[in-house]
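Residue numbers (my numbering): 6 to 125. The beta carbon of each residue, even a glycine, is placed where N, CA and C say it ideally should be. Heads up: the structure comes next, in structure tokens.
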């Protein structure tokens, strides 16, 4: 599993992606279609048309990494709220739920205390 920090940004490509694409083609999509820098350390998530495959592209310290998952049965759930944008951002929890098969749009998040920064 991918280890993420709390401040890691995750972006999902809105279109379907040919899973034969590799490092250069995926980074080209990030740069040209998503209008983001593929070397900034963010995670970029790509689904195929049937949503049975997912690739995640990220820049490591000295090169690209691709994480690839293929489902044997079922499909990945994509967010339907933000499909009109060229890309949309996910939280770490939402990505985890997508990869584990949880429909996060139907789940309810309970209220939690969030501390605020106190300025002296």
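* Asked: Taking the alpha-carbon positions, what's the residue 154 to residue 92 distance?
  -> Residue 154 cannot be examined here, being either before or after the span of the chain that is shown, 6 to 125.
* In whole angstroms, what separates the C-alpha of residue 13 from that of residue 58? -> Those two C-alpha atoms are separated by around 22 Å.
* Asked: Can you tell me whether residue 34 is buried or exposed, with buried defined as 16 or more other CB within 10 angstroms of its CB?
  -> Label assigned to residue 34: buried.
* Output the residue ranges of the alpha helix (DSSP H) runs that lie fully inside the segment 12 to 96 and measure 4 residues or longer, sorted by chain position. => Taking only runs of at least 4 residues, the alpha helix (DSSP H) segments lying wholly in the segment 12 to 96 are 28 to 37.
* Since residue 127 contacts residue 43 with CB under 8 Å, what's their CB separation in whole angstroms? -> The requested residue 127 does not occur in the structure, where the chain is confined to residues 6 to 125.
* Asked: When the Cα atoms are used, what is the spatial distance from residue 1 to residue 94?
  -> Given a span of 6 to 125 for the chain in the structure shown, any question on residue 1 remains unanswerable.
* Asked: Closest to residue 27 by CA distance: which of 67, 71, 107 is it?
  -> Nearest C-alpha to residue 27: 71.
* Quick one: what does DSSP say residue 131 is sitting in, helix, strand or coil? -> Since the first residue shown for the chain is 6 and the last is 125, residue 131 is missing from the structure and cannot be characterised.
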